[in-house]
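Protein chains in written order, with our numbering: chain A, 34 to 285; chain B, 206 to 719; chain C, 66 to 302. We put the CB at the ideal spot given by N, CA and C, even for glycine. Report on one structure; see the data block that follows.
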Amino acid sequence: MNIELTNVTRSFGRNRAVDGVSLEVGAGVLGVLGPNGAGKTSLLRMLATVLPPSSGEIRLLGRDPKNTAQRREIRRRLGYLPQNLGYYPAFTVVEFVEYFALLKEVPSGRVHKAVAEAVERVDLGGRAKARLRTLSGGMLRRVGIAQAIVNNPDLLLLDEPTAGLDPEQRVGFRALLRDLGRTATVVVSTHLVEDVGAACSEVALMDAGRIVFRGLPAELVARGEGHGVGDAPLERGYSAVLQAARKGGVAA
Amino acid sequence: MTAVAGDARPARPGPSLLAARILRMEIRHSAFVWSIPLLAVLFIYDPFRTASGYPDLWTVRASVVLNKFWPDCVPFTAAFSAWAGSREGRRKVGDLLGTTARPAWTRQMFSLLGTLAWVLAVFLAGIVVIYVRTAQVATWGGPPIWPVVVGLVALTGVSSFAFTLGALFPGRFTAPIVAVGLTVLALVAFRQSVDASGGPIGTLSPDSLVPPNDAGVFYPMAPDVWIVQVMFYAGVVLAATGLLGLSPRTGGVGWRRALDAASAGGMRLRAIATTVFAVGIALAVTGFGLAGTARTSVTGEIEIPALHDSASDKPIAYTPVCAHVSGSFQVCLHPAYKNYLSQAVNSFRPVMAELAGLPGAPVRATEVASLTLPAFVLQDNVGDGEVTGTPPVYKFGMNNALALAPDATQLQDGFRQDIVHAVIVGSTGQLTASVGTPAQQAVVDGLLKAAGSQPYPVCGPGDNPNANRCRRQQVPVTAAAGRFAALPAATRRAWLAANLAALKAGRITLAQVP
Amino acid sequence: MSAADSAAVASSAGVNGAHRLAPSAAGPARLAGARLTSLHLRSRRVPSALVALAACGVVLWAALRYHWWLGTGPSAAELPMLIEGCTAGIIAVTTHSPFGEPERATGRWLPFLRLSMALALCGAAIGLLALGAAAAYNPHAGVYLASGILGIAENVMGFAGVGLIFSVVTGGLTAWAGPLGFTAICQFALIANYSEPLTWAARPATDRGGWIAAMVVFAIGLAAFTIRGPRLRPSGE
């Protein structure tokens, strides 16, 4: 298992953003759905080792992130794209991705090739030398994806990765996710249920800091049969599970 | 979603309510608040403690408003104003805000006001504290308004200028560079004001030398320099805020388009910004030009000829406060110095008990404006008064006596030294200072020693060849003074009665002093 | 598009892409460190900071050369102290990272980069101010910096230490407030003749207590900044 969470909690003051989450994830693509404020971003930040849990145990790639040396090792194998990605406007696409490749200690002889591959994989080869300030929002998002995959991560965490991508690019991105999920653990936090349906081998639904559903997309669809809210099967399943969870008691 | 017939939107609040709400948000979120604790500490240790150590006079205590508190506020005002001005650029929300109905210029004015409100509130709070404290101890006059006005307008000028720089150059380095740059400018301007040939920059500096103790006491303080300062800084405010409405960097459309639009009757707001900017520049240039014409007036102040009202050169009428010292001898002070009357009485009493009634001795001591005394009387180590007139009156000034930080013993010694020197040595017919003949020095020091005071400071302070040589030469004088002080008081008085005229004329030698 | 197709496309695109993208950092592995350092410094706007520091040196030169202030004795240190505080504010602001959390979720080089950048900028600030003072030096005309390079070094490092501490607490973009406030305190101490080691800038440059205090503050700031980095907001600003 690449991700092992045991009763993990994270609080911000009196707000319990993640509430007793236990999770085991191996290779594949796990989609994390949930309403705003469900705790998806906090969960991803803990998996990215940039936010420590308030309580509970986390093991990533078989290592303990509390240990400094093991945390470094995790981060060499980690790719992370946050919801709001900061960037230096004067960097070019290549420079931005290269910077992260170097920080992630990609072997120096492989940096150039890895950067080129990552840029091509997100279909920005034609804008490789463009400065970031000249790119559209969707292109910037793809640059963010490129920096996350430049080190061929074993653990890839993506928060709203398709925000700003056009439908064609989203199709290509889902294919990329499936490809990456063959050997790595990919966790995608998203609002777009169609992304989950098309690319994810598993889906988890969070609400109020807890995982209220975990299973296959088809199982989520099944939960929505007969449920009136939603324009698509997955949406109906999503609404049905949330409704049940809020009424007090559907376990994942 | 179905359309709702008769689209019932809530009524928009009036413009003044909208403005108040926006302003309230800006004030609540201003970063300047974070500097208030440090400013409070600086205020206590710098302007407040300094003012508390000054004499109990309105003008000199109020001088800390511009000499201490204003320069303390400048770096923080500049830094946080520049920070506020650069907000939209740093956050890259220009496009987003540009789609709103409210013009960029008015939006930025609210942002500026959000910081400025705090700046002025803190500044006024400090002034209130200083003025309340002064009101508790001062015995004459009232709170000067001009330093308050100048301080407020100058701080507004600093804030608006820094804000505009931040808006035009919204980089991460802008705030510290603008803060230090304007502080350096203020410091250099202050030094120029101290320098005799400071020029207009020095004249425009709100931070300047501490005024003499009797400034504004005997003669009104001419507001010329303050008017010019207000003119200049108001010009800076208008020019900076007008520039915000014009510059393309801050949502404006630039000179030419603004003028074209104005002449075509459109874009009224742009035309207003142009006018404001032009008026500001004119005002600032006028103020700068007038400051260049500054000169020293007959009352010793800086005046601007084009603005000067000669009525401010006429003395202020007052009723002195007097007290008896010894026999018929009395001391009279200006009511502003009423708190020092008892000290003056106690200081003069022992020496006048020896001198009163002697030929040529004064019948009373009266405080006058220092500038009415001969220049050599006011020199260091010579004295702060002269005996003049018929009947002889000891006229003295309080400037040197108080010396900004009056220690009770120093004040007492100063009073005694000055009057004894004036009576024994005198200044009749002299154009330059004189410490007196050795015999005169010995008698002066002997009387002072008998009264329990320090000898007259003939030699300068410090350890240097001139002062050391002087002290060696004073040894026989000091010995003679000791002998004279050891005499019974009646013997001293009898000798003085017989020899005072000859002593003053310089015909008594040191050996003839008993 | 099936997963296999897209993978094939991606791989071939990657191979083609390697040819399309001209090498920007080709060369032996040892150049990777230089490349990383260069990108890191650019992302912190260090080139602009160096220009700003050079401008501070020019201002110091002009202030000395043209006798911008007349203070003697302790007052002679007022204006240089302000300029030294400005350099510390500039150094403090360069600590801001535009990347946010993803940069922290990487390997081990970031602390070394932070440490090197802070030390290099302090050195540059000291050097540029010393250059400005040296360029104006004219003892016959009474033009010299009273505190000398010792004073510059002590103040720049001490104030920068305050700035680095502030960057850990408030974030890089607002870290300038620390050196600015501390400079104001030292200015007041200078004028009022207070003599505490913590207001080292108000003491003579050769004063041992002042040096110890300044270096302790610098060491604490440097260590905190190196280990923790500047405070981040979740959005990365």
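- 8 Å CB neighbourhood of L215/C in its chain, flanking five on each side removed: A270, T271
- Query: Nearest-angstrom Cα distance between V587/B and Y542/B?
  - Reply: Residue placement at V587/B is poorly supported in this model, since its pLDDT is 46, which falls under 50; the coordinates are not used for a value here.
- Query: Considering only C-alpha positions, which residue in the set A99/C, M182/C, W133/C is nearest to H161/C?
  - Reply: M182/C
- So is R396/B in contact with chain C if we call contact Cβ pairs under 8 Å? yes
- Measure how close the beta-carbons of A478/B and G440/B come, nearest whole angstrom, since I'm counting them as under 8 Å. Contact flag wrong, Cβ pair sits at about 15 Å.
- Item | Whole-number beta carbon distance between A558/B and S533/B, since they are thought to touch under 8 Å | With 8 Å as the limit, S533/B and A558/B do not qualify as a contact, their Cβ atoms being about 12 Å apart.
- Compute the distance between the beta-carbons of G64/A and M239/A, then report whether it is under 8 Å. no
- Task: Specify the secondary structure class of Y131/C as computed by DSSP and reduced to three states.
- Result: coil
- Supposed close pair T264/C, I250/C - CB separation, criterion 8 Å: 6 Å
- Query: For a contact meaning CB atoms closer than 8 Å, what does S245/C contact in chain B?
  - Reply: Note on residue identity: the sequence assigns Leu, not Ser, to residue 245/C. Residues of chain B passing the Cβ test: P280, F281, A284, P381, A384, V385.
- Limits of the alpha helix (DSSP H) - the one that E268/A falls within: 266 to 280
- Item | Cβ-heavy atom distance, G67/A to the ligand COA, below 7 Å | Although the ligand COA was asked about, the structure shown includes no ligands whatsoever.
- Task: Could you name the residues of the same chain whose beta carbon sits closer than 8 Å to that of F553/B, not counting the 5 residues immediately before and after it, in chain order?
- Result: V530, S531, F534, V536, A570, F620, R621, I624
- Message: Between E143/C and chain B, is any beta-carbon pair separated by less than 8 Å?
- Response: yes
- Under 6 Å Cβ to Cβ from P262/C, same chain only, skipping five residues before and after it: list those, please. G274, G275, A278
- Enumerate in chain order the residues of its own chain whose CB-to-CB distance from A445/B is below 6 Å, with the five nearest sequence positions on each side excluded. S365, F366, T369
- Between P579/B, N544/B, E591/B, V550/B, which lies nearest to P567/B when the distance is taken from Cα to Cα? E591/B
- Item | E254/C, enclosing alpha helix (DSSP H) - first and last residue | With the sequence shown as reference, residue 254/C is identified as Ala, and Glu is not the correct amino acid for it. From DSSP, the alpha helix (DSSP H) with A254/C extends over 242 to 257.
- Query: Under a Cβ-count criterion, where at least 16 other Cβ atoms within 10 Å of its own Cβ denotes burial, should I713/B be classed as buried or exposed?
  - Reply: buried
- C-alpha gap between P564/B and Q717/B, whole angstroms: 20 Å
- Query: For V355/B versus P411/B, is the C-beta spacing smaller than 8 Å?
  - Reply: yes
- Item | Which of helix, strand or coil DSSP assigns to R173/C | coil
- Show which residues of chain B have a CB atom less than 8 Å away from the CB atom of L238/C. R295, R377
- Message: Under 7 Å, CB to CB, which of the residues in the region 158 to 178 of chain C have a partner in chain B?
- Response: V158, H161
- Please list, in chain order, all residues of the same chain as T498/B whose beta carbon is under 7 Å from its beta carbon, the five residues on each side excluded. I509, P510, A511
- Task: Check whether the Cβ of A90/C lies closer than 8 Å to any Cβ atom in chain A.
- Result: Low local confidence applies: a pLDDT of 44 at A90/C is under 50, so the model's placement there is unreliable, and no value is given.
- Message: Among the candidates L66/A, V51/A, A50/A, F45/A, whose CA atom is the shortest distance from the CA of E235/A?
- Response: L66/A
- In the DSSP assignment, find the unbroken beta strand (DSSP E) run with C527/B in it and report its ends. 526 to 531
- Cβ of S181/C within 8 Å of any chain A Cβ: no
- Query: S257/B: buried (16+ other C-beta within 10 angstroms of its C-beta) or exposed?
  - Reply: exposed
- Query: Whole alpha helix (DSSP H) runs in the region 67 to 120 of chain A with 4 or more residues, listed along the chain?
  - Reply: 73 to 80, 101 to 109
- Between which two residues does the alpha helix (DSSP H) harbouring S108/C extend? 95 to 108
- Message: So that I know if they touch, is there some Cβ in chain C lying closer than 8 Å to that of W310/B?
- Response: no
- Task: Can you tell me which of L80/A, E37/A, R49/A, T74/A puts its alpha carbon nearest to the alpha carbon of G59/A?
- Result: E37/A
- Enumerate, from N- to C-terminal direction, the unbroken alpha helix (DSSP H) stretches of 4 or more residues contained entirely within the region 473 to 503 of chain B. 473 to 496
- Query: Are the CB atoms of V573/B and K600/B nearer to each other than 8 Å?
  - Reply: yes
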